[in-house]
Amino acid sequence: MNDTKPFLKDSSNMPRARAGEAAPAALKQPVANGEALPLGDGLSHVDTWVFDLDNTLYPADCDLWPKIDQRITLYLSHLFGLDGMSSRALQIYYYQRYGTTLCGLMEEHGIGPDDFLDFTHDIDRSSLLPNLALATAITALPGRKLILTNGSREHALRTARALGLAAMFEDIFDIADADFVPKPAAATYDRFFERHAVDPARAVMFDDLAINLIVPHERGMTTVLVVPKPGQLDHRDAFEIFRDAAPPYIDFVASDLARFLTGLAPDAPVTADV
Ligand SMILES: [Mg+2]
């Protein structure tokens, strides 16, 4: 018999651990200060699943982002004849002021994006392994799946392929599609919604940066902050890491994306008593 129960009808219907299992690695995941997040209204209304790429579809302890980060520093060093420390300081300045180093270079120096993107994404991805659990979980989600990234399409494609995830996604909205205006700018999300005919009220956004979830929440998306597992090595910079109390624009926190999504999948074992 077909079970027509919504897989996450409301907060009382959250997936629960079966005997012998660890608790689901999300939904009730405390944030840094130990305060639990509100459970929200679930995700049964969602028909479009939107994922950031870097440090979201692969974990923060992966060495991929540090490699890109170092290439950005090296690019600035070559471009301006700077030593490493000065390049790094300039990179952080651009990031904090413009959202990305590329945006800073384009705004302040009129530099085109192609050379920058080719250089900074020219990295060894051999450390990335296919993530079967995540691929299975994303495949099982009902509806459309899209990637929304501040990186390039080529980087997203190569990374998704290495993770074994490329076939699951309908399309990628990259920094060129955003006219080189990075998240968290509102214009970028609005352009994304229009390009892909996404109704934000029926969509969910996954991102490892809390600031990138503010506008999605304002537009009506459900938001999920993807964080490292407790004790997991985190290669993100200190200024990127969310450390405050749970703000209202974050609906869920997930430290294990595959487990989070598996708990939501309609054909997953139903463990709730409703
Ligand atoms: Mg990211």
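Numbers 1 to 274, taken from the working numbering, label the letters of the sequence shown in order.
Using N, Cα and C, we set each Cβ at its ideal position, and we do this for glycine too.
Which partner residues of K145 appear in the DSSP bridge assignment?
-> W49
Whose C-beta lies closer than 8 Å to the C-beta of L300 among residues of the same chain, with five residues either side of it excluded?
-> Since the first and last residues shown for the chain are 1 and 274, residue 300 lies out of range.
Name the DSSP beta bridge partners of M205, please?
-> V50 and T223
Do you know offhand how far K67's Cα is from D124's?
-> 8 Å
How many angstroms separate the CA atom of I175 from the CA atom of H78?
-> 23 Å
For R259, count neighbouring Cβ atoms within 10 angstroms of its own Cβ and tell me buried if that reaches 16, exposed if not.
-> buried
Which residues does DSSP pair with L253 in a beta bridge?
-> Reading off the sequence, residue 253 comes out as Val, not Leu. Bridge partners of V253: L225.
Residues passing the C-beta test against ligand 1 heavy atoms, cut-off 7 Å | D52, L53, D54, N55, T56, D207, D208 and L209
Under the assumption that A140 contacts T149 (Cβ atoms under 8 Å), give the Cβ distance between them as a whole number of angstroms.
-> 23 Å between Cβ atoms; not a contact.
Taking the C-alpha atoms as reference points, what is the distance between L261 and I138?
-> 7 Å
Taking the Cβ atom as the reference point for each residue, do V181 and C62 lie within a distance shorter than 9 Å?
-> no
With distances taken between CB atoms, is the gap from V215 to A254 smaller than 9 Å?
-> no
Tell me whether F193 is buried or exposed, calling it buried when 16 or more other Cβ atoms sit within 10 Å of its Cβ.
-> buried
Please go through the same chain and pick out, in chain order, the residues whose beta-carbon is closer than 6 Å to the beta-carbon of V198, but skip the five residues on each side of it.
-> T48
C-beta atoms of K183 and G99 nearer than 9 Å | yes
D256: buried (16+ other C-beta within 10 angstroms of its C-beta) or exposed?
-> buried
For M172, which residues of its own chain have a beta-carbon under 6 Å away from its beta-carbon, when the five flanking residues on both sides are left out?
-> It is worth fixing the name first, because residue 172 is Ile in this sequence and not Met. The residues are I147, R153 and A156.
Go ahead and label H121 buried or exposed: buried means 16 or more other beta carbons lie within 10 angstroms of its beta carbon, across all protein chains shown.
-> buried
Whether V204 touches L43 by CB criterion (9 Å) = yes
Unbroken alpha helix (DSSP H) run spanning F116, endpoints = P113 to T120
Simplified DSSP state of N33, which is helix, strand or coil | Its pLDDT being 31, under 50, N33 is placed unreliably by the model, and nothing is read from it.
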